[in-house]
Amino acid sequence: MPNTASLIRRPGWRGSRPFAGLPSSPLAYVLLALAITAAGWNFAASDAAHREQARQRELISRSDRLLSTMKDLETGMRGYALTGKLEYLEPYADALNRIGDDVAYLDNLKRISVDSAAMALAPVRKLIDDEKAFSDRVVTARRDRGFDAAATLVATGEGKRLMDAIRVATAAADQRADEALAAIDRQDRLRYVILSAFSLLCAILAVALLARLALVRRRESQRSSGLFEGVLANAPVGLGFLDGDLKIRHMNRALATMSERGFGADLGAPIWTLLPSLEPQLAPLLEAARDHGLVSADVPVSVPSESAPGGTRHFRMSFYPLRQDGGPAAVGVGIVVADVTTAAQSEAQVRAGEALLRTVLDTLPVGVLIAEAHTGQITGHNARAETILGHAVQPAQPGEGPARWIGFSGAPMRDTDGKLVGAVVVVTDIDARKRSEHVL
Numbered sequence: 150m151p152n153t154a155s156l157i158r159r160p161g162w163r164g165s166r167p168f169a170g171l172p173s174s175p176l177a178y179v180l181l182a183l184a185i186t187a188a189g190w191n192f193a194a195s196d197a198a199h200r201e202q203a204r205q206r207e208l209i210s211r212s213d214r215l216l217s218t219m220k221d222l223e224t225g226m227r228g229y230a231l232t233g234k235l236e237y238l239e240p241y242a243d244a245l246n247r248i249g250d251d252v253a254y255l256d257n258l259k260r261i262s263v264d265s266a267a268m269a270l271a272p273v274r275k276l277i278d279d280e281k282a283f284s285d286r287v288v289t290a291r292r293d294r295g296f297d298a299a300a301t302l303v304a305t306g307e308g309k310r311l312m313d314a315i316r317v318a319t320a321a322a323d324q325r326a327d328e329a330l331a332a333i334d335r336q337d338r339l340r341y342v343i344l345s346a347f348s349l350l351c352a353i354l355a356v357a358l359l360a361r362l363a364l365v366r367r368r369e370s371q372r373s374s375g376l377f378e379g380v381l382a383n384a385p386v387g388l389g390f391l392d393g394d395l396k397i398r399h400m401n402r403a404l405a406t407m408s409e410r411g412f413g414a415d416l417g418a419p420i421w422t423l424l425p426s427l428e429p430q431l432a433p434l435l436e437a438a439r440d441h442g443l444v445s446a447d448v449p450v451s452v453p454s455e456s457a458p459g460g461t462r463h464f465r466m467s468f469y470p471l472r473q474d475g476g477p478a479a480v481g482v483g484i485v486v487a488d489v490t491t492a493a494q495s496e497a498q499v500r501a502g503e504a505l506l507r508t509v510l511d512t513l514p515v516g517v518l519i520a521e522a523h524t525g526q527i528t529g530h531n532a533r534a535e536t537i538l539g540h541a542v543q544p545a546q547p548g549e550g551p552a553r554w555i556g557f558s559g560a561p562m563r564d565t566d567g568k569l570v571g572a573v574v575v576v577t578d579i580d581a582r583k584r585s586e587h588v589l
């Protein structure tokens, strides 16, 4: 059934209505937004921290590899200086090839980073160049001038000084990178705890606010529903709903009473179940409401009823389409029924009284005119008045028609408050009497 029909599914009706509502609270939505923002910030900050940790670990790895390369360079240089054998130049040459990549990393690190670990590695760039130049002089001296020349250069201690400086710089860079890793890890853990707790707290508060709002709305809905149920269940007119097959699905107390006293239909059956003669009258109107959305108002329906005065009960029925969620297609028909038996009988009595009065007036041997108080306009007359006047009761100009003697006598008409509202004028034909008197 559509949502419209579900409105009558209540206690006091033959049905019930499910509660439906969407809680809305600006504060709750703000808290939810804060929770989502905190969670997103936590994720982004953690990702940035992980990238920084990866960079620091790469710096440590590069620093250690650089120191290892420089050791290979020094070892190859010293071995060749002592023995003069060319095989000692192989690790020396290999170290020279690897140094190019390490130098490129140091140059790039100097451009993109200014942290303490990178600053500790900054002097290594010049130390590498100096160590390469010194090693090249030793190798050249051993090859060209022999052992003594190479030993003299080594004995100066310049190579040891350069390597010690490289070891100190790489060790300092590793230490500072380790400290940075530890600090990043502490900050990341602290931030994760704080932001996670804040996000969770905001989410819990938002859910609590929405739950409280939903509870308040449910209570308000229940209170208003009770009033709504009372109004509909005790309405003096019958209210009902038909499904797509034009069968009654819901009816209020008044409609159920009318059904028992009149057409006798019940839930799950068409209105005309016990009175098939109603189908030709009502079926087209109900189908028009269902299929075309047409509204039919105040349709007179009369049914036989032993409990009604005169044996006939009179109803006024209205039909309107029921649409689901405001859709264009109707899925049922709503009906409004009023029992107008008493009013119909009163109207019949009034009409009978008016007919009797008209009969009495038309059988009187005198004419009767009824006029308004303010305008003097004739509002009613009998047939005898026109016969006596010799023309229709309407405005006439002096001199029109034959001359006749007519007698007039009148009396005022007053309402229940004594206010003058009109006059009754009796018209008699005295023409024959007056003419006889004139002859005599």
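Using the working numbering, you'd call the opening residue of the sequence shown number 150 and step up by one each time. Ideal Cβ positions, reconstructed from N, Cα and C, are used throughout, including at glycine. Being a predicted model, the structure only gives us computed values, none of them experimental.
To the nearest angstrom, how far is it from the Cα of residue i to the Cα of residue j?
i	j	result
residue 482	residue 516	56 Å
residue 327	residue 189	28 Å
residue 362	residue 376	21 Å
residue 218	residue 340	39 Å
residue 276	residue 255	12 Å
residue 441	residue 177	44 Å
residue 300	residue 292	12 Å
residue 337	residue 296	58 Å
residue 224	residue 198	39 Å
residue 380	residue 559	54 Å
residue 174	residue 357	11 Å
residue 365	residue 394	39 Å
residue 445	residue 434	7 Å
residue 282	residue 214	20 Å
residue 568	residue 526	18 Å
residue 232	residue 278	25 Å
residue 347	residue 359	18 Å
Quick check: residue i and residue j, are their CB atoms within less than 7 Å of each other?
i	j	result
residue 497	residue 468	no
residue 180	residue 354	yes
residue 193	residue 344	no
residue 508	residue 462	no
residue 311	residue 280	yes
residue 487	residue 574	no
residue 222	residue 262	no
residue 452	residue 424	yes
residue 401	residue 382	yes
residue 287	residue 230	yes
residue 570	residue 522	yes
residue 537	residue 529	no
residue 202	residue 333	yes
Quick one: grab the DSSP three-state call for residue i.
i	result
residue 359	helix
residue 523	coil
residue 319	helix
residue 449	strand
residue 310	helix
residue 553	coil
residue 516	strand
residue 349	helix
residue 374	helix
residue 391	strand
residue 406	helix
residue 565	coil
residue 224	helix
residue 415	coil
residue 577	strand
residue 429	helix
residue 420	coil
residue 175	helix
residue 479	strand
residue 258	helix
residue 284	helix
residue 462	strand
residue 471	strand
residue 384	coil
residue 492	helix
Counting only beta-carbon atoms, is residue i nearer than 7 Å to chain D?
i	result
residue 380	In the structure shown, chain D does not exist; there is a single protein chain.
Under 7 Å Cβ to Cβ from residue i, same chain only, skipping five residues before and after it: list those, please.
i	result
residue 531	510, 511, 513, 516 and 517
residue 322	208, 212, 266, 269 and 270
residue 404	387, 388, 389 and 486
For residue i, I'd like the list of residues in its chain whose CB is within less than 6 Å of its CB, leaving aside the five on either flank, ordered along the chain.
i	result
residue 443	437
residue 546	Note that residue 546 scores 46 on pLDDT, short of 50, meaning its location in the model is unreliable; the coordinates nonetheless yield the value given after this. Correct list: empty, nothing qualifies.
residue 290	298, 299 and 302
residue 170	Reliability of the predicted coordinates at residue 170 is poor, the pLDDT of 42 falling under 50, and the value obtained from them is presented with this limitation in mind. Within the same chain, residue 170 has close Cβ partners 366.
residue 564	570
Assuming residue i contacts residue j under a Cβ cut-off of 8 Å, what Cβ separation, rounded to an integer in Å, is found between them?
i	j	result
residue 228	residue 237	3 Å
residue 273	residue 319	7 Å
residue 410	residue 456	6 Å
For a test of your reading of the model: does the CB of residue i fall under 6 Å from any non-hydrogen atom of the ligand FAD? Yes or no.
i	result
residue 455	As for the ligand FAD, it is missing from this structure, which has no ligand bound.
In chain order, what residues of the same chain lie with their CB nearer than 8 Å to the CB of residue i, ignoring the 5 residues before and after it?
i	result
residue 234	228
residue 239	225
residue 314	272 and 276
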